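Let me begin by presenting the structure, written as structure tokens, before commenting on it.
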């Protein structure tokens, strides 16, 4: 019996190959490879898709986060509230800006930052809340934006896993002041290399990000601020415009597979919670189990590959020594110790998922 991969990017992108080749030839023969028409078109299309006024392409998702914080020019040492179980990129963006990450535990049911714990973490040094829409589910943004407004805090959304996800009809990247997006190849809207973007509704923020991504320059050779080189390239922008047209279909497919998991996986596994008003796009379909490592080995022996997102809590990473020391995160650590991600890509079939379920239910 054939192995079921966790992800196979060749198969996932195969439906787009002919259009990709045509797009590549068009960019190649144009002779314009940086900040040209393909980037402008994708920025316009993705802003429209998200319901935002502006989209600014960046080289990758981490840069989108870094530039989002940089645009506010917070004083050095200012505090930014961030979930304790996020991927480390979110925290790296805070650290690279000379700011202090303040960890807030997630809701054990949704895995997203717990709004009821945010206010206790706010101090006079707090300047922003950086939320993470983990696994493709939006955070409780109505409650979070209310807290932010009450305390005059900026809200930055890490939308790396939530392309097209929405809450009460408002999509990821259109709730906070800025939304940072990653188009890493495994994402629901994935490029064929690193790529990212920032969405916003404020023209002054759009101008700030646009300037920062291009050496601090709006006009060539005239530099207004100390900037970066973080530009979405023409080829990836062209590919993303092609895939964006199919993003809703990709999300629908993954939601269909998730519904099968939800219905037929036995109750031994803690499955994702579904809530009214939330449109989850299942970039990752994760379950939790106290014998996660044994379960992962068992699945591999049965020719099914799984992943762990993520095995180590941020405050336990070597890179965070001296930065997150002494921070207790028992809920995050429990999630990191028990979570397992199951196959749910655009190339997987209902039959694949049914086989995964059959094997898992015998564990």
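In our numbering, the protein residues as written are 42 to 404. Ideal placement from N, C-alpha and C gives every residue a C-beta, glycine not left out. This one's a predicted model, so the numbers in the text were calculated from it and none came from an experiment.
Restricting attention to alpha helix (DSSP H) runs no shorter than 4 residues, the region 337-385 encloses them at 371-379, ordered along the chain. Taking each of 229, 189 and 289 in turn and checking the Cα distance to residue 202, the smallest one comes out for 229. Taking a cut-off of 8 Å for Cβ pairs, the region 275-289 and the region 231-241 touch, as three or more such pairs fall below it.
The C-alpha of residue 322 is placed about 8 Å away from the C-alpha of residue 293. With contacts defined by Cβ atoms closer than 8 Å, residue 226 and residue 383 do not form a contacting pair.
The DSSP-derived three-state label of residue 331 is coil.
Residue 245 is classed as exposed because its beta carbon has fewer than 16 other beta carbons within 10 Å across all chains shown. Distance between residue 256 and residue 264, taken at the CA atoms: about 7 Å. The alpha-carbon separation between residue 138 and residue 344 amounts to approximately 44 Å. Secondary structure within the region 121-153: the alpha helix (DSSP H) runs of 4 or more consecutive residues, fully enclosed, are 129-137 (chain order).
Under DSSP, residue 287 shares a beta bridge with no residue.
For residue 247, the number of other beta carbons within 10 angstroms of its own is at least 16, and it is reported as buried.
Taken atom to atom, the span from the alpha-carbon of residue 143 to that of residue 389 is near 38 Å. Per the coordinates, the alpha-carbon of residue 100 lies some 44 Å from the alpha-carbon of residue 403. Residue burial annotation: residue 62 is exposed, with fewer than 16 other C-beta atoms found within 10 angstroms of its C-beta. Taken in chain order, the whole beta strand (DSSP E) runs of length 3 or more contained in the region 92-119 are 95-99. In this structure the region 309-325 touches the region 167-187; the number of beta carbon pairs closer than 8 Å is three or more.
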